[in-house]
Amino acid sequence: MVLVWCGTQAAFYEDGSISVGLGQVTPIISKFEVRNGKVVVEVTVGAAGAPLTILSHTNLLVPTSQWEPVWAGRCDASGRFAWTNEVSEGSVQRYYTVRVP
Numbered sequence: 001m002v003l004v005w006c007g008t009q010a011a012f013y014e015d016g017s018i019s020v021g022l023g024q025v026t027p028i029i030s031k032f033e034v035r036n037g038k039v040v041v042e043v044t045v046g047a048a049g050a051p052l053t054i055l056s057h058t059n060l061l062v063p064t065s066q067w068e069p070v071w072a073g074r075c076d077a078s079g080r081f082a083w084t085n086e087v088s089e090g091s092v093q094r095y096y097t098v099r100v101p
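Take our numbering: the final residue in the sequence shown is number 101, and no numbers are missing along the way.
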């Protein structure tokens, strides 16, 4: 039996155990800026501990399946995370996106 509520999924098994998952989560980029020579990205996923990856590429037309992962981790207890990356003078323009499994 599977019961779904509030974006969280739970499965109950015959042995009395329970399995709880995050269900579908969608990242929202709440802030993206270049500040003091650094790229700052703040994202809200809405699920505590949700795994995510920041991808980057220099060509926006390349499919995201070919973008380079530049950071991977989990959201904090409030379902948010912030990531900062140094930008050196003269570096190539890069594009960023967030992927959740």
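C-beta: ideal position from N, C-alpha, C; glycine also.
Would you kindly report the start and end of the unbroken beta strand (DSSP E) that includes residue i?
i, result
"R99", "Y95 to R99"
"T26", "Here T26 belongs to no beta strand (DSSP E), and DSSP marks it neither H nor E."
"A72", "E68 to R74"
"N85", "R80 to E86"
"E42", "K38 to T44"
"P51", "P51 to H57"
Of the residues the options, which one's Cα is nearest the Cα of residue i?
i, options, result
"G46", "P101, R99, V100 and R80", "R80"
"T53", "E42, S65, V39 and V70", "V70"
"V34", "I28, E68 and S88", "S88"
"E68", "S30, W83, R99 and G90", "R99"
"A50", "T84, A82 and G73", "G73"
"I28", "T84, N36, C75 and Q66", "C75"
Would you kindly work out how many angstroms separate the C-alpha atoms of residue i and residue j, rounded to a whole number?
i, j, result
"A77", "T44", "11 Å"
"K38", "Q24", "31 Å"
"V40", "T64", "20 Å"
"G42", "P101", "According to the sequence provided, residue 42 is Glu. The question's Gly does not apply to it. Roughly 18 Å separates the two Cα atoms."
"T8", "N36", "Residue confidence for T8 is low, a pLDDT of 47 falling below 50, so the modelled location carries little weight and cannot support an answer."
"W83", "V62", "23 Å"
Is residue i near the ligand SAH, going by C-beta to nearest heavy atom under 7 Å?
i, result
"V40", "Judged by which ligands are present, the structure shown has none, so any question about the ligand SAH falls away."
Three-pair Cβ contact test at 8 Å for the segment 79-95 versus the segment 55-62: yes
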